[in-house]
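I have placed the structure first, in the form of structure tokens, so that the comments after it can refer back to it.
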Amino acid sequence: MVMTSRSFDTFRDMKALQLIGEIINKVFNRRRFPVSLRAGAVLLYFKGFSLRVVREFLLHKGYKVSIETIRNGSMR
346 MVMTSRSFDT
356 FRDMKALQLI
366 GEIINKVFNR
376 RRFPVSLRAG
386 AVLLYFKGFS
396 LRVVREFLLH
406 KGYKVSIETI
416 RNGSMR
């Protein structure tokens, strides 16, 4: 099979996504909440939103989490 430059790029992108997934799983090592949900909450907080807004985001997604839990970073 001859690999074209396009298929090589796709393979490289897939490996990069695998590595990113492994890193995210190491950062968020517990599994109580989905990784994508926690990453979204972290992004909102670092973009300058308050803990209450982050809590409302999580409530909208169906997760009841206290502000203190978010502040402590123990949303795991």
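For the sequence shown, my numbering begins at 346 and goes up steadily by one. We treat Cβ as the ideally placed atom computed from N, Cα and C, and that holds for glycine. Bear in mind that the values here come from a model prediction, so they are computed numbers and not experimental data.
Item, Value
"Return the CA-CA distance between Glu401 and Thr414, expressed in angstroms with no decimal places.", "13 Å"
"Is it buried or exposed for Arg383, if we count other Cβ within 10 angstroms and need 16 for buried?", "buried"
"For Gly393, name the three-state secondary structure that DSSP assigns.", "coil"
"Just the Cα atoms here: how many angstroms apart are Leu396 and Ile368?", "25 Å"
"Ordered along the chain, which non-local residues of its own chain (more than five positions away) have a Cβ less than 6 Å from that of Gln363?", "none"
"Does Ile365 pass the burial test, meaning 16 or more other C-beta atoms within 10 Å, or should it be called exposed?", "exposed"
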